[in-house]
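Here's the structure, in structure tokens; my notes come after.
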Amino acid sequence: MVTEKIILQNPERFAGEYTISKEKLTGAIEKAADKLESQIPRFKEAFAATCSVNYKYPKTVNNNWICGMHTGTFLLAYELTGNKKFREVVESHLPTYKQRLDKKIAMEDHDVGFVFSPSCVAAYKALGDENARQVALDAAEHLYNFSYSKKGGFILRVASQQHKPEYCRTMMDTLMNAPLLFWAGQEAGRQEYIDAAMSQNKITEQYLIREDASSNHHYQFELETHKPLHGVTWQGFSDDSCWSRGHAWGVYGFPIAYSYSKEPYLVDVHKDITYYMLNHLPADLIPYWDLVFVDGDQPRDSSAGVVSVCGMDEMCKYLPDDAPQKQIFQNASARMLEAVIDNCTGDIGREYDGLICHVTAALPQRQGIDECAIYGDYFYLEALCRMVKPDWKRYW
1393 MVTEKIILQN
1403 PERFAGEYTI
1413 SKEKLTGAIE
1423 KAADKLESQI
1433 PRFKEAFAAT
1443 CSVNYKYPKT
1453 VNNNWICGMH
1463 TGTFLLAYEL
1473 TGNKKFREVV
1483 ESHLPTYKQR
1493 LDKKIAMEDH
1503 DVGFVFSPSC
1513 VAAYKALGDE
1523 NARQVALDAA
1533 EHLYNFSYSK
1543 KGGFILRVAS
1553 QQHKPEYCRT
1563 MMDTLMNAPL
1573 LFWAGQEAGR
1583 QEYIDAAMSQ
1593 NKITEQYLIR
1603 EDASSNHHYQ
1613 FELETHKPLH
1623 GVTWQGFSDD
1633 SCWSRGHAWG
1643 VYGFPIAYSY
1653 SKEPYLVDVH
1663 KDITYYMLNH
1673 LPADLIPYWD
1683 LVFVDGDQPR
1693 DSSAGVVSVC
1703 GMDEMCKYLP
1713 DDAPQKQIFQ
1723 NASARMLEAV
1733 IDNCTGDIGR
1743 EYDGLICHVT
1753 AALPQRQGID
1763 ECAIYGDYFY
1773 LEALCRMVKP
1783 DWKRYW
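Remember, our numbering sits 1392 above the position in the sequence shown when you count from 1.
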């Protein structure tokens, strides 16, 4: 838990007022839409694997944690362009979510929110699809009943205790799964869902956010008592470092929780962890895969950058104009998104499937290092959508 206020180093870096030109934003959207449209023949009735292999997305079925964001990418493209081909892909994907829920395919962990929020909740919000609404409500009920620990007050990383039965754990990523419970609780009048989502945020703030506003990737608890033990990492550099994308889930997840709850502590913790992230950006503003690195030849993770852009923009919607962090967040989000446009969407000497490149999925596991990933594509398009459509209706 943060016990001290974090100071933004070199505040002049994000001072003044900064915007991305309309021409650059329009060009970035057109380029992304063209690339995504070229992939429709492959993915109208299929899904991409978690990350690219040699910059190409393998095909799979609706069975992994990023499938919802794959569908969401096509829905964002439809909202940005009006091209009905993108909507047709979304509509062809939607029946597979009910099938996945009914057959309980990869439904035993915290990522149910990642699967159903940017697909089914999104299709209801953007397209008015009532069937998608019901599937999303049923998925939220499954997440609450199967993965939420009333004893611990958090969503379990893996509800089944086949793996590492000596402890249980929760993680930063789960802040982006909790919004499914917030939405369903509000939509269906289920206060217990809202309470569970708020408890997840409170536990995260209490145990996963360190005193210096860095974050643990996971936090472990005793299996029987749920007594807190210690933080660990899986995809980060070390147990004491700060994995970039995990931290970015907090930069976005806490503002979403604030939008539902208006709990003041969420503003404070968000300011501190976001300042920590900004203090650990390299000169070109593309995060390294772990925030322990600020220069050198380590791989980058542009997806952590675009997730953070969305989070800063989201919090700015609720901050008063005189809040000291508001102008900083506005400038930082514009500069970081422009850095991705300039450095992660161009020629890298070979063709690549992703809308952005220089994403690192899991370096310690040697997975997706300096590749593309659907979640990077999704949050890149969401960031662009936020910049050109300030009144866009968030999917989460």
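Glycine is no exception: its CB is placed at the ideal position from the N, C-alpha and C atoms.
In this text the structure is predicted, and so the values were computed from the model without any measurement.
Take Arg-1742 as the anchor and find which of Cys-1764, Met-1568, Met-1461 has the nearest alpha-carbon.
Cys-1764
Which one of Trp-1457, Gln-1583, Cys-1512 has the shortest CA to CA distance from Arg-1525?
Cys-1512
Taking the alpha carbon of Ile-1399 as the point to measure from, which residue in Cys-1634, Ser-1606, Trp-1635, Val-1751 has its own alpha carbon closest?
Ser-1606
Just the Cα atoms here: how many angstroms apart are Ser-1725 and Glu-1616?
43 Å
Euclidean distance between Cα positions of Thr-1596 and Trp-1784:
28 Å
For Arg-1786 and Ser-1695, believed in contact at Cβ under 8 Å, the rounded distance
At roughly 18 Å, the Cβ-Cβ gap does not stay under 8 Å, so Ser-1695 and Arg-1786 are not in contact.
Relative to the alpha-carbon of Ala-1731, which residue among Thr-1625, Val-1698, Pro-1716, Cys-1702 has its alpha-carbon at the smallest distance?
Val-1698
How big is the Cα-Cα spacing for Trp-1681 and Thr-1666?
16 Å
Could you name each continuous alpha helix (DSSP H) segment of 4 residues or more that falls completely within the region 1454-1497, going from the start of the chain to the end?
1459-1473, 1476-1485, 1487-1495
Shortest alpha-carbon distance to Leu-1572 belongs to which of Asp-1660, Val-1507, Val-1659, Val-1482?
Val-1507
Which class does Glu-1415 belong to by DSSP, given the choice of helix, strand or coil?
helix
Can you check whether the CB of Arg-1549 is closer than 8 Å to the CB of His-1610?
yes
Are Ala-1576 and Leu-1519 close, meaning C-beta to C-beta below 8 Å?
no
With 16 other Cβ atoms within 10 Å as the buried cut-off, status of Gly-1408:
exposed
Evaluate Gly-1738 with the Cβ neighbour count: other Cβ atoms within 10 Å of its Cβ, from every protein chain shown; 16 or more gives buried, anything less gives exposed.
exposed
Cβ-based burial, Glu-1774 [other Cβ within 10 Å; buried from 16]:
Within 10 angstroms of the beta-carbon of Glu-1774 lie 16 or more other beta-carbons, which makes it buried.
From the DSSP secondary-structure annotation, give me the bridge partner or partners of Val-1751.
Beta-bridge pairing links Val-1751 to Glu-1763.
With H, G and I counted as helix, E and B as strand and the rest as coil, what does DSSP make of His-1622?
His-1622: strand per DSSP, three-state reduction.
Rounded distance between the beta-carbons of Ala-1469 and Lys-1451, thought under 8 Å:
Not a contact, Cβ separation roughly 19 Å.
If you count every other CB in all the chains shown that lies within 10 Å of the CB of Ala-1514, and 16 or more means buried, which is it?
Buried.
Hey, how far is the Cα of Asp-1769 from the Cα of Ser-1541?
Cα to Cα, Asp-1769 sits roughly 32 Å from Ser-1541.
Go ahead and label Asp-1565 buried or exposed: buried means 16 or more other beta carbons lie within 10 angstroms of its beta carbon, across all protein chains shown.
buried
Distance, Cα to Cα, Ser-1630 vs Lys-1476?
Each residue's alpha carbon lies about 46 Å from the other.
Would you identify the three-state DSSP class for Val-1550, choosing helix, strand or coil?
strand
When DSSP labels each residue in this structure, what does His-1639 get in the three-state scheme?
helix
I need the straight-line Cα distance from Glu-1791 to Gln-1757, nearest angstrom please.
The first residue shown for the chain is 1393 and the last is 1788, placing residue 1791 beyond what the model contains.
Taking 6 Å as the limit between beta carbons, can you name the residues of its chain near Asn-1671, skipping five residues before and five after?
Residues Gln-1401 of the same chain have their beta carbon placed closer than 6 Å to that of Asn-1671, with the five preceding and five following residues left out of the count.
Straight-line Cα distance separating Ala-1715 from Val-1684:
Those two C-alpha atoms are separated by around 28 Å.
In terms of DSSP beta bridges, what is Arg-1561 paired with?
Gln-1612
In terms of alpha-carbon separation, which member of Asn-1523, Leu-1467, Leu-1600 lies closest to Lys-1490?
Asn-1523
According to DSSP, which residues form a beta bridge with Ser-1430?
In DSSP, Ser-1430 forms no bridge with anything.
How about Tyr-1744 and Met-1461: are their beta carbons less than 8 Å apart?
Between Tyr-1744 and Met-1461, the CB-CB gap reaches or exceeds 8 Å.
Buried or exposed by the 16-neighbour rule on C-beta atoms within 10 Å, applied to Tyr-1772:
buried
CA-to-CA distance, Met-1669 to Ile-1547, given in whole angstroms
Using only the alpha carbons, I get a separation of about 25 Å.
In the structure shown, what three-state DSSP assignment does Lys-1542 receive?
coil
Minimum Cβ-Cβ distance from Asp-1660 to chain C less than 8 Å:
The question asks about chain C, but that chain is absent: this structure has only one protein chain.
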